[in-house]
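To start, the structure under review is shown below, and the notes come after it.
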Amino acid sequence: MYLHIGNHILCDDRDLIGIFDLDNLTASRESTEFLEQYEKKQNLINIGGVFDLPKSLILIQKGDKDILYMSPITSSTLYKRSKNPTQTLL
1402 MYLHIGNHIL CDDRDLIGIF DLDNLTASRE STEFLEQYEK KQNLINIGGV
1452 FDLPKSLILI QKGDKDILYM SPITSSTLYK RSKNPTQTLL
């Protein structure tokens, strides 16, 4: 199945490692270092528009490459979509 994570981007749920709430994730030093590592490797992709603040992070693995997407969709909405994928297609 595929999960719509925002801005017309779909991710294969078999590649999905985790969905994280951005507000809770950035509270610690370790989390900040985690984000900086992905930014340095250019594996941090903001899929929101200019005016859309990111609300969640989606970590996927494509082959041997990890990609971290910043999405304007909340982690709770993405979780609900992952549990009921056909509802998002209606």
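Using the working numbering, you'd call the opening residue of the sequence shown number 1402 and step up by one each time.
Each residue gets a CB set at the ideal place from its N, CA and C atoms; glycine is no exception.
None of the values given here were measured: they were computed from a predicted structure.
What does D1422 pair with, by DSSP beta-bridge criteria? Translated into the one-based positions of the sequence shown, residue 1422 becomes position 21. BP columns for D1422 point to S1457.
Start and end of the alpha helix (DSSP H) containing K1442? Here the question's residue 1442 lines up with position 41 in the sequence shown. No alpha helix (DSSP H) holds K1442; DSSP gives it neither H nor E.
Who are the near neighbours of G1419 in its chain, counting only those whose CB is closer than 7 Å to its CB and skipping five residues on each side? Taking the first residue of the sequence shown as 1, we reach residue 1419 at position 18. Excluding residues within five positions, the ones whose Cβ falls inside 7 Å are L1460.
Answer yes if the stretch 1449–1457 comes into contact with the stretch 1427–1439, meaning at least three C-beta pairs across the two stretches below 8 Å, and no otherwise. no
Using DSSP with H/G/I as helix, E/B as strand and the rest coil, what is S1472? Here the question's residue 1472 lines up with position 71 in the sequence shown. Three-state DSSP puts S1472 in a strand.
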